[in-house]
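Heads up, the thing below is written out as structure tokens.
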Amino acid sequence: MSAFLSRASARHASRAVQRFASTVPTRTLMTLKDYKKYSAHATARGQGRNGQVISDDDCGLELRLAMPKSLGGKGDGQNPEQLFAMGYAACFLSALQMVAGQTGKTDAARNAVVHTQVHLGEPEGMEGFGLQVDIQVEGVNDMELIQAGHKACPYSRALAHGAVVNVTKAQ
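Numbering of the sequence shown is given in our numbering, commencing with residue 104 and proceeding in unit increments.
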């Protein structure tokens, strides 16, 4: 009888471990084979969120940053979340249109508009701040196409799979 109970307990424990393992989220890290296809360059100076950012490649861009009013600032400049949301929207739209072209559905994405919202807040289970992103695609009814665009978008991939971040001291 005890051998039976022991085998039954082992099977139950094994099933419990399998169920638990299937519900634990796993994360992979995306690495690049050839990171020289394009590299954007940006420099931040001043007081962080109340400073200045400059991009010195191609046409270049220079922006004055300011804390949003909702975080106690004046709200009289751009902020990192706005820049992230803008980059994500443009990247997602490009990925969506690329996938549409590859699958013969160019017309389905011709009038697509991508809206992104980047939320800054306190994450659960850790200190500091975290981000949440909401994306709405307007003008496309094909949900499979939207999901394929999401899977192809480098911003989506970096958030879903992680990205290598190298932090060093400048010389």
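All residues carry an ideal CB built from backbone N, CA and C; glycine is no exception.
Inset, instruction - Tell me, to the nearest whole angstrom, how far the beta carbon of V217 is from that of I238; I am working on the premise that it is less than 8 Å. - result: 7 Å
Legend entry - Beta-carbon proximity check, A211 vs L248, cutoff 7 Å: yes
Legend entry - Spatially closest choice to C162 from Q220, A143, K177, by CA coordinates: A143
Inset, instruction - Please determine, among A273, V270, P257, Q274, the residue with the shortest C-alpha to C-alpha distance to Y141. - result: P257
Inset, instruction - Please determine if the region 250-265 and the region 198-212 are in contact, where contact requires at least 3 C-beta pairs separated by less than 8 Å. - result: yes
Inset, instruction - Would you kindly work out how many angstroms separate the C-alpha atoms of K172 and I157, rounded to a whole number? - result: 23 Å
Legend entry - Residues near D169 by beta carbon distance below 8 Å, same chain, minus five either side: In the sequence under discussion, the amino acid at residue 169 is Ala, which differs from the Asp named in the question. Only R152, N153, G176, K177, G178, D179, G180, Q181, N182 meet the Cβ criterion.
Legend entry - Coarse secondary structure for A147, derived from DSSP in three states: strand
Legend entry - Proximity below 7 Å, CB of G135 to CB of G265: The sequence given here has Leu at residue 135, not Gly. No, the Cβ-Cβ distance between L135 and G265 is not below 7 Å.
Inset, instruction - Check whether the Cβ atoms of T219 and A192 sit closer than 7 Å, and answer yes or no. - result: yes
Legend entry - CB contact check: V268 to chain D, cutoff 7 Å: Of the protein chains in the structure, only one exists, and it is not chain D.
Inset, instruction - Starting from the C-beta of C194, find all residues in its chain whose C-beta is less than 7 Å away, skip the five residues before and the five after it, and write them out in chain order. - result: C256, P257, Y258
Inset, instruction - Please say whether A215 and G242 have beta carbons closer to each other than 7 Å? - result: yes
Legend entry - Limits of the alpha helix (DSSP H) - the one that E227 falls within: No alpha helix (DSSP H) holds E227; DSSP gives it neither H nor E.
Legend entry - For L108, the three-state DSSP class (helix, strand or coil): With a pLDDT of 48 at L108, under the threshold of 50, the modelled position of this residue cannot be trusted, and the question is left open.
Legend entry - Cβ neighbours of L108 in the same chain (closer than 8 Å, five flanking residues each side left out): Note on L108: pLDDT 48, under 50, position unreliable in the model; the coordinate value appears next. If we look at L108 and ignore the five residues flanking it on each side, it has no Cβ neighbours.
Legend entry - Exposure of V270, with buried meaning 16 or more beta-carbon neighbours within 10 Å: exposed
Inset, instruction - Below 8 Å on the Cβ atoms is my guess for R167 versus Q155; work out the distance and round it to an integer in Å. - result: 6 Å
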